[in-house]
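Number of protein chains: 2
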Amino acid sequence: MTRASERALEAVREMILRGDVAPGLRLGEVELAERLGVSRTPVREALTRLAAEGLVEISPNRGARVTSWSIAELEGVFDLRAALEPRATARAVSRADAADLAALDALATEMLAVGSPGPGQDLDALVPLNREFHGRLVTLADHPALAAALAGAIHAPIVLRNFHAYGDASLLRSLSHHAEIVAAARAGDPEWARAVMTAHIHNARAVMVRAAADAQNEKETGS
Amino acid sequence: MTRASERALEAVREMILRGDVAPGLRLGEVELAERLGVSRTPVREALTRLAAEGLVEISPNRGARVTSWSIAELEGVFDLRAALEPRATARAVSRADAADLAALDALATEMLAVGSPGPGQDLDALVPLNREFHGRLVTLADHPALAAALAGAIHAPIVLRNFHAYGDASLLRSLSHHAEIVAAARAGDPEWARAVMTAHIHNARAVMVRAAADAQNEKETGS
DNA sequence: CCCCCCTACATTGCACACAATTCGAGGCCG
DNA sequence: CGGCCTCGAATTGTGTGCAATGTAGGGGGG
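For the record, the sequence lines run as chains V and Y. Heads up: the first sequence begins at 1 in full-length UniProt numbering, then just goes up one per residue. Heads up: the second sequence begins at 1 in full-length UniProt numbering, then just goes up one per residue.
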């Protein structure tokens, strides 16, 4: 049986990323422990690590809450991704071997298949594929500090779910970008890949900031 | 009494940053617990958080070790700082008010006082001042994602101690940079500050990479 | 003689029990 | 009737014991 703290970490992270628990909500230690069938100890460790990742915030003696993001902070995340991910992508492209290219190609192709509008479109299936694609690029860049910086900043929450926020046009752009990055990698052209990734992040930024603003307006109007 | 886990965190972090424990060395839970007068529980939490910061590495069932850095990884850290800190500095400069300027000025001035060659030079006193200076700039930038990225990547270990690695010339350059950044801030000129910070990081990079290479050569020769 | 396995020890991982702190509710006083 | 205080329940922080895992040393087999 795999480590209980690992399972707890994955389970809670998945809960947050899938949106099962809303931002700002309390995460009680006993509740999580019972739900996962472990004691509070591994749950506490998982929460500590998630706090370091930025997915939750812990106040002393007051427990853990899912992190919530202002629009300004969300824009900051994309600023940072725009600064770092193209750099990582360029490095990754110049280091990828045939097996890496095949794996990236498979991911991009599958994302196009399940993400294209029409019957069979499954926006939720895109989430893990997208994570895998970007994760592989970062790993391929072989730059631990950069990987740590991205991990420390992206905080995937709103960012990595919510493909539902994309309209058809921007979603297709996004999926095409992945394929184009693979093409650039095959061509061994880091600058091409860098440019596409830059566009990719800016496209995502436009979608996400718009979605966040809409959500906020809706909430203010509703109340 | 302040939280035991906080004390443990600070104590262990300080131990590592001050170089009291060499990189690669094991950090036994019981040993630390006895040394700090607490039980293993807060020590474990401290180690978990330090692992998230990157100061230690934890292998399952095999304990925690102080992270050690290859020269390539060290260069990666400075690449990242060169990409992010100038950006943060520019933002900070355009947001600083009179009180911030005074505080930065005081820090820069004091660093010049205690760091200048001659009697009274105290390289170790520079360490906390330097941390404070850079930390204030990052805070002033008011950009949580960027702050998280830097925190996640810098991992201060070798970087933040070791002012001893600087020669007189590069040390004076470094101290002057701080003062010049304050001047740029007073002038309300973000681009000026950005440029100086860029130079500042590159200067530090040259010193640190050189020092790391020397240390490695020395070790290889000696063995 | 070298390699593999097997046993004993040390250390970490987890669960549980207790102490300390926080937040809310009810009552008391002004 | 409103505000403050006190008491209580719930939750987090810490200590300790036990089980599981990794490691080192010695003995047996090839």
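From the three backbone atoms N, C-alpha and C, an ideal C-beta is built for every residue, glycine too.
Paired residues, beta bridge with residue i - DSSP
| i | result |
| --- | --- |
| residue 4(Y) | Per DSSP, none; premise fails for residue 4(Y). |
| residue 59(V) | 63(V) |
Alpha helix (DSSP H) segment containing residue i, residue limits
| i | result |
| --- | --- |
| residue 49(V) | 40-53 |
| residue 21(V) | Taken as a continuous stretch (DSSP letters only), residue 21(V) belongs to no alpha helix (DSSP H), as it is neither H nor E. |
| residue 105(V) | 98-115 |
| residue 78(V) | 71-95 |
| residue 170(V) | 168-186 |
| residue 130(Y) | 123-141 |
| residue 165(Y) | Element bounds for residue 165(Y): n/a, residue is neither H nor E. |
| residue 152(V) | 144-154 |
Own chain residues within Cβ distance below 7 Å of residue i, not counting five before or after
| i | result |
| --- | --- |
| residue 207(V) | 165, 166 and 170 |
| residue 154(Y) | 77 and 81 |
| residue 197(Y) | 85, 86, 89 and 181 |
| residue 193(Y) | 89, 90, 93, 181, 184 and 185 |
| residue 179(V) | 108 and 112 |
| residue 74(V) | 158, 208, 209 and 212 |
| residue 13(V) | 50 and 55 |
| residue 35(V) | none |
beta-carbon residue i near the ligand SAH non-hydrogen atom, thresh 7 Å
| i | result |
| --- | --- |
| residue 41(V) | Absence of the ligand SAH from the depicted structure is noted, as is the absence of any ligand whatsoever, leaving it without description. |
Cβ neighbours of residue i in the same chain (closer than 6 Å, five flanking residues each side left out)
| i | result |
| --- | --- |
| residue 173(V) | 203 |
| residue 215(V) | none |
| residue 200(Y) | 177 |
| residue 23(V) | 66 and 68 |
| residue 148(V) | none |
| residue 205(V) | 78 |
| residue 168(V) | 117 |
| residue 64(Y) | 27, 47, 56 and 58 |
Cutoff 8 Å; reference residue i; Cβ partners in own chain excluding five residues on either side
| i | result |
| --- | --- |
| residue 48(Y) | 58 |
| residue 116(V) | 172 and 175 |
| residue 96(V) | 104, 140 and 185 |
| residue 222(V) | Unreliable positioning characterises residue 222(V) in this predicted model, as indicated by a pLDDT of 49, which lies under 50. The coordinate reading is nonetheless provided below. Hits under 8 Å: none found. |
| residue 114(Y) | 120, 121, 122, 125, 126 and 129 |
| residue 21(V) | 15, 27 and 66 |
| residue 71(Y) | 209, 212, 213 and 216 |
| residue 243(V) | This structure cannot settle anything about residue 243(V), because the visible part of chain V is limited to 1 through 223. |
| residue 133(Y) | 104, 107, 108, 111 and 178 |
Legend entry - Three-pair Cβ contact test at 8 Å for the stretch 89-102 of chain Y versus the stretch 134-146 of chain Y: yes
Inset, instruction - Give the residues from the stretch 115-128 of chain V that approach chain Y closer than 9 Å (Cβ to any Cβ), ordered along the chain. - result: none
Legend entry - Within 8 Å of chain Y by C-beta, residues of the stretch 72-102 of chain V in sequence order: 73, 76, 77, 79, 80, 83, 84 and 87
Legend entry - chain Y contacts made by the UniProt domain "HTH gntR-type" (2-69) of chain V, where a contact means CB separation under 7 Å: 3, 45, 48, 49, 52, 54 and 60
Inset, instruction - Tell me, please, whether the stretch 107-125 of chain Y touches the stretch 58-71 of chain Y by the rule of three or more beta-carbon pairs shorter than 8 Å. - result: no
Inset, instruction - Specify whether the stretch 121-134 of chain Y and the stretch 18-30 of chain V touch according to this definition: at least 3 beta carbon pairs, one from each stretch, less than 8 Å apart. - result: no
Legend entry - Members of the stretch 142-155 of chain Y that neighbour chain V once the beta carbon cut-off is set at 9 Å: 142, 143, 144, 145, 146, 147, 148, 149, 150, 151, 152, 153, 154 and 155
Legend entry - At least 3 beta-carbon pairs within less than 8 Å: the stretch 184-195 of chain Y vs the stretch 115-124 of chain Y: no
Legend entry - contact_flag[the stretch 38-48 of chain V, the stretch 2-15 of chain V] where n(CB pairs < 8 Å) is 3 or more: yes
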